[in-house]
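Peer 1:
2 protein chains.
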Amino acid sequence: MENAKTLIKKWHKVIESNNLELLNEIIADNAIFSSPVVFKPMEGKEITMMYLHAAGESFNMEKFEYTKEIHDDMNSVLEFETFIDEISVNGVDMIEWNEDGKISNFKVMIRPYKAVQKVQEKMIEALDNLD
Amino acid sequence: MENAKTLIKKWHKVIESNNLELLNEIIADNAIFSSPVVFKPMEGKEITMMYLHAAGESFNMEKFEYTKEIHDDMNSVLEFETFIDEISVNGVDMIEWNEDGKISNFKVMIRPYKAVQKVQEKMIEALDNLD
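If you're matching them up, the sequences are chains S and W in order.
With the first letter of the first sequence counted as 1, position 50 gets the number 49 in numbering that gives the first Met the number 0; the numbers rise by one all the way through.
With the first letter of the second sequence counted as 1, position 36 gets the number 35 in numbering that gives the first Met the number 0; the numbers rise by one all the way through.
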């Protein structure tokens, strides 16, 4: 069976290509997404994909860079640095892979305070735009 | 040489015993601490120990629980859950071990927004009390 160290190549391919079809292929149907801002985890493939896509839209992906990778069994932790508007963001993508080689859990944490505040503002803006 | 998976026992011993002498033994002289709130890393053993001690004072350590451990080579990522006042905190301790088996880098990230906000308030209170 593949493990996190080899499976992570699929995720990097998604990020590099920015291809929603590839993303669709690697997210499990029962995936859970936990945002850096809201405590309650979001359940299901659709909402997980929506949040991952929204993150790509908020972060400056030109400046987005993974700075460290830690893999253990079926868990990957990827540390990143990027910007939102002019605010520096340092964070982690915590990914759990299932036995089918798909992502079953995706949790994001970021620092510092200003970055979390900025993401929260962006989320409120996005919700306002839905009205 | 020991790796993160075995070295982490030293950290757990510090947490369980709440013993500052044991903490002193496992922090490298050139350790760097990165807080969840402030972007700039803090350099040196003294300030790293001060922040780790302060974190223990702010978090409710009775309810503090490590929920996941990820180890790879000389890196440990420990996910935790706890409370500050009545606010739920979910976070990670990201620990880098050096070749002497001491902690050279300690970075903390937490979620959700309310938890980061709470830690920021606590820091401002602590600084006010220094006056």
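Even for Gly, the Cβ is constructed at its ideal location relative to N, Cα and C.
Because the structure is a prediction, the values reported are computed rather than measured.
On the three-pair Cβ rule with 8 angstroms, is the stretch 22-31 of chain S touching the stretch 107-115 of chain S?
Peer 2: With a cut-off of 8 angstroms, the stretch 107-115 of chain S and the stretch 22-31 of chain S do not count as touching, because too few Cβ pairs lie within range.
Peer 1: Is any beta-carbon of chain S found at less than 8 angstroms from that of W:Met0?
Peer 2: Within the second sequence, the letter at position 1 stands for residue 0 of chain W. Taking Cβ atoms only, chain S never reaches closer than 8 angstroms to W:Met0, which makes this a no.
Peer 1: Residues in the same chain with beta-carbon distance under 6 angstroms from W:Met93, minus the five sequence neighbours each way, listed in chain order, please.
Peer 2: Locating residue 93 of chain W in the second sequence gives position 94, where the first residue counts as 1. Around W:Met93: Val76, Lys106.
Peer 1: Determine, using beta carbons only, whether S:Phe79 and S:Glu64 come nearer to each other than 8 angstroms.
Peer 2: Indexing the first sequence from 1 puts residue 79 of chain S at position 80. Indexing the first sequence from 1 puts residue 64 of chain S at position 65. In this structure, S:Glu64 lies closer than 8 angstroms to S:Phe79 by Cβ.
Peer 1: Once you ignore the five residues that flank W:Val27 on each side, which residues in its own chain have a CB closer than 8 angstroms to its CB?
Peer 2: Against the second sequence, residue 27 of chain W aligns to sequence position 28. First, the amino acid is wrong: residue 27 of chain W is Ala here, not Val. If we look at W:Ala27 and ignore the five residues flanking it on each side, its Cβ neighbours are Lys44, Asn97, Asp99, Lys101, Ile102, Ser103.
Peer 1: Straight-line CA distance for S:Tyr50 to S:Pro35?
Peer 2: Residue numbering aside, residue 50 of chain S sits at position 51 when the first sequence is read from its first letter. Residue numbering aside, residue 35 of chain S sits at position 36 when the first sequence is read from its first letter. S:Tyr50 and S:Pro35: Cα-Cα distance of roughly 11 angstroms.
Peer 1: Would you tell me roughly how many angstroms separate the C-alpha atoms of W:Gly90 and W:Ile69, rounded to the nearest one?
Peer 2: The residue labelled residue 90 of chain W in the question sits at position 91 within the second sequence. The residue labelled residue 69 of chain W in the question sits at position 70 within the second sequence. Those two C-alpha atoms are separated by around 13 angstroms.
Peer 1: Quick one: what does DSSP say W:Glu85 is sitting in, helix, strand or coil?
Peer 2: Here residue 85 of chain W is taken as the residue at index 86 of the second sequence, counted from 1. In the structure shown, W:Glu85 sits in coil (DSSP, three-state: anything other than H, G, I, E or B).
Peer 1: Leaving out five residues before and five after S:Phe58 in sequence, what residues of the same chain have Cβ atoms less than 8 angstroms from its Cβ?
Peer 2: Position 59 of the first sequence, counted from the start, is the residue given in the question as residue 58 of chain S. Answer for S:Phe58: Thr81, Phe82, Ile83, Val88, listed in chain order.
Peer 1: Any idea which residues DSSP pairs S:Met93 with across the strands?
Peer 2: Working through the first sequence from its first residue, we reach residue 93 of chain S at position 94. According to DSSP, which records beta bridges pairwise, S:Met93 is partnered with S:Val76, S:Lys106.
Peer 1: Can you list, in chain order, the residues of its chain with a C-beta nearer than 7 angstroms to that of S:Lys62? Leave out the 5 residues immediately preceding and following it.
Peer 2: As a position in the first sequence, residue 62 of chain S is number 63, starting the count at 1. Answer for S:Lys62: Thr81, Phe82, listed in chain order.
Peer 1: Do you know whose CA, among S:Glu42, S:Glu95, S:Gly55, lies nearest W:Lys67's CA?
Peer 2: Numbered from 1 along the second sequence, position 68 holds the residue referred to as residue 67 of chain W. Of the listed residues, the one whose Cα sits closest to W:Lys67 is S:Glu95.
Peer 1: Hey, does W:Asp127 have any beta-carbon neighbour from chain S nearer than 8 angstroms?
Peer 2: Walking along the second sequence from the start, residue 127 of chain W turns up at place 128. Cβ-Cβ to chain S under 8 angstroms: no for W:Asp127.
Peer 1: If I'm right that W:Asn18 touches W:Gly55 with Cβ under 8 angstroms, what's the distance once you round it to whole angstroms?
Peer 2: Within the second sequence, the letter at position 19 stands for residue 18 of chain W. Within the second sequence, the letter at position 56 stands for residue 55 of chain W. Actually they are not in contact, since the Cβ atoms of W:Asn18 and W:Gly55 sit about 11 angstroms apart, beyond 8 angstroms.
Peer 1: Measure the beta-carbon distance from W:Ala133 to W:Ala125 and round it to whole angstroms, keeping in mind my assumption that it falls under 8 angstroms.
Peer 2: Since the first and last residues shown for chain W are 0 and 130, residue 133 of chain W lies out of range.
Peer 1: Is W:Met122 helix, strand or coil when you go by DSSP?
Peer 2: On the second sequence, position 123 is the one that residue 122 of chain W refers to. Note: W:Met122 maps to helix in three-state DSSP.
Peer 1: From S:Pro135 to S:Lys4, what distance separates their C-alpha atoms?
Peer 2: What the structure shows of chain S is the stretch from 0 to 130, and residue 135 of chain S is not part of that stretch, so it cannot be assessed.
Peer 1: Would you list, in chain order, the members of the stretch 52-82 of chain S that have their beta-carbon closer than 7 angstroms to a beta-carbon of chain W?
Peer 2: Those would be Ile69, His70, Asp71, Asn74, Val76, in chain order.
Peer 1: Label W:Ile123 either buried or exposed according to how many other C-beta atoms from any shown protein chain fall within 10 Å of its C-beta, with 16 as the threshold for buried.
Peer 2: Mapped onto the second sequence, residue 123 of chain W falls at position 124. Label assigned to W:Ile123: exposed.
Peer 1: Which residue spans inside the stretch 28-60 of chain S form an unbroken alpha helix (DSSP H) run of at least 4?
Peer 2: Counting only runs of 4 or more, we get 44-57.
Peer 1: Name the one or two DSSP bridge partners that S:Lys67 has.
Peer 2: Position 68 of the first sequence, counted from the start, is the residue given in the question as residue 67 of chain S. DSSP lists S:Glu78 as partners of S:Lys67.
Peer 1: Taking only the alpha-carbon atoms, compute the straight-line gap between W:Thr47 and W:Phe32 and give it to the nearest angstrom.
Peer 2: As a working note, residue 47 of chain W is residue 48 in the second sequence. As a working note, residue 32 of chain W is residue 33 in the second sequence. Looking at the two C-alpha atoms, the distance is approximately 5 angstroms.
Peer 1: Listing by chain order, which chain S residues have their CB less than 7 angstroms from the CB of W:Tyr112?
Peer 2: In the second sequence, counting from the first residue as 1, residue 112 of chain W sits at position 113. What W:Tyr112 touches in chain S: Val36, Val115, Gln119.
Peer 1: Roughly how many angstroms separate the alpha carbons of W:Met73 and S:Val37, rounded to a whole number?
Peer 2: In the second sequence, residue 73 of chain W corresponds to position 74, counting from 1. In the first sequence, residue 37 of chain S corresponds to position 38, counting from 1. Rounded to the nearest angstrom, the two C-alpha atoms are 31 angstroms apart.
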